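Heads up: the sequence shown begins at 874 in the numbering used here, then just goes up one per residue.
Data first, discussion second: the structure below is written as structure tokens.
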Amino acid sequence: MKSIAFQRIGWRTAVAVLGLWGVVGGALARQELASELTWEQIRPGLRYAQQDIAIPGAQAVHRLHWLALDLAQPDLYLMLTPQACAGVRMSTWDLPPVVASVNASFFTREFFTRGHTVSQGKPWAGSLRHIESPLAACSPNRECEVVHQPPAGAAPDWQEVAAGVHSLVLGGVARTPEDDAQCGSFCSAAHPRSAVGLDSRRRTMVWVAAEGRQKYAVGLPLATLASLMARQGVAEAINLDGGGSTSMHIKGQRRTGRPDNEPEMRRIANAWIISTRADIDWSLACAGKEPVP
């Protein structure tokens, strides 16, 4: 890749690609990845789609859930849940005024997040700063960006920020299986995935949750997820916490299936939420928070 940002994240040409990519990625390569999505309008400015991609010779599919928010929609508000709510389950956000929610940051056992994390203009305490933690950030007037090389300190106009691990799409160019081979099975294996990105005009924010570790739903390598996002018009994207954390809820209903080996919803650090109100009583919302064992 020609970009310095890619090089800093370790995107370099590899000599070999792991075997699992050959099975999963190869099957996808023989299909039309840019299949049209059938969008359901949740409300003006917010759309959802489920996409099933058949795997030749298998009963299982690659099942992806897409959520697209028009950032100019005046009656919808985008927020990252605050540190006071770290440790709750996604079902916490299944009540109005929340319309949709998607899990966000990577985190430790104590729910400290990796990379810059900001909720309602307040940086999280104890976040693990990391130079290779690309992020998605939005200002108070909903000007959002994906930053592949984050600065040492949070920018003063960042209102909502969540970081990930590994960039997926930069300037419309998706990472490749060769890039995945540089970061082992974390990147190249078929895991459940969560991701967030922006279109080239930075007007639409897109989240994707890919199911996996199920009998009938196989996860994705990062490169495959990146390719799918790029072909749907996502110009910049990062990988969020996946695996058992992957979850997307719409209007009080969980749309993503759970991994067979982890049927219970996981407690998470935070989530991106879309609300019909700008003000949320977080103390009430977090009242059912469970203690860290």
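A virtual CB, placed ideally from N, CA and C, is assigned to each residue, including glycine.
Note that the structure is predicted; figures quoted are calculated from it, not measured.
On the DSSP letters alone, give me the boundaries of the beta strand (DSSP E) that PHE1017 sits inside. Sequence index remark: in the sequence shown, residue 1017 carries index 144 (1-based). At residue 1017 the sequence reads Cys, which differs from the Phe that was named. Its beta strand (DSSP E) spans residues 1017-1020.
Pick from GLN923, ALA973, CYS1060, ALA977 that is closest to HIS938, judged by C-alpha positions: Locating residue 938 in the sequence shown gives position 65, counting from the first residue. It is GLN923 whose Cα lies nearest to the Cα of HIS938.
Paired residues, beta bridge with TYR1089 - DSSP: Residue numbering aside, residue 1089 sits at position 216 when the sequence shown is read from its first letter. DSSP output for TYR1089 lists no bridge partner at all.
Flag this pair as yes or no: are the beta carbons of ARG1104 and ARG962 separated by less than 8 angstroms? Here residue 1104 refers to the residue found at position 231 of the sequence shown. Here residue 962 refers to the residue found at position 89 of the sequence shown. Taking 8 angstroms as the Cβ cut-off, ARG1104 and ARG962 do not qualify as a contacting pair.
Is the stretch 970-983 touching the stretch 1034-1045, taking contact as three or more C-beta pairs under 8 angstroms? yes
Closer than 7 angstroms to a non-hydrogen atom of the ligand ATP - does that hold for the CB of PHE979? The ligand ATP is not part of the structure shown, which contains no ligands of any sort.
Examine the Cβ distances between the stretch 1041-1054 and the stretch 1023-1033 and report whether three or more of them are shorter than 8 angstroms. no
Would you report the Cα separation of PHE985 and ALA1090, rounded to the nearest angstrom? Within the sequence shown, residue 985 is the residue found at index 112, counting from 1. Within the sequence shown, residue 1090 is the residue found at index 217, counting from 1. So the two alpha carbons sit approximately 30 angstroms from each other.
Whole-angstrom Cβ separation of ARG1074 and THR1119, contact assumed at under 8 angstroms? Residue numbering aside, residue 1074 sits at position 201 when the sequence shown is read from its first letter. Residue numbering aside, residue 1119 sits at position 246 when the sequence shown is read from its first letter. With 8 angstroms as the limit, ARG1074 and THR1119 do not qualify as a contact, their Cβ atoms being about 27 angstroms apart.
Do LEU1041 and ALA1068 come within 8 angstroms of each other at the CB atom, strictly closer than that value? Within the sequence shown, residue 1068 is the residue found at index 195, counting from 1. Within the sequence shown, residue 1041 is the residue found at index 168, counting from 1. In this structure, LEU1041 lies closer than 8 angstroms to ALA1068 by Cβ.
Check the DSSP bridge columns for GLY1026 and list the partner residues they point to. As a position in the sequence shown, residue 1026 is number 153, starting the count at 1. Per DSSP, none; premise fails for GLY1026.
Return helix, strand or coil for GLU1051, following the three-state DSSP convention. Numbered from its first residue, the sequence shown carries residue 1051 at position 178. Reduced to three states, the DSSP call for GLU1051 is helix.
Comparing alpha-carbon positions, which option in TRP997, ASP948, ARG916 lies nearest LEU940? In the sequence shown, the residue the question calls residue 940 occupies position 67. Among TRP997, ASP948, ARG916, the Cα nearest to that of LEU940 belongs to ARG916.
Taking the straight line between their C-alpha atoms, what separation do you get for ALA997 and ALA945? Here residue 997 refers to the residue found at position 124 when the sequence shown is read from its first residue. Here residue 945 refers to the residue found at position 72 when the sequence shown is read from its first residue. Here the sequence assigns Trp to residue 997, which means Ala is not the residue at that position. Approximately 27 angstroms between the Cα atoms of the pair.
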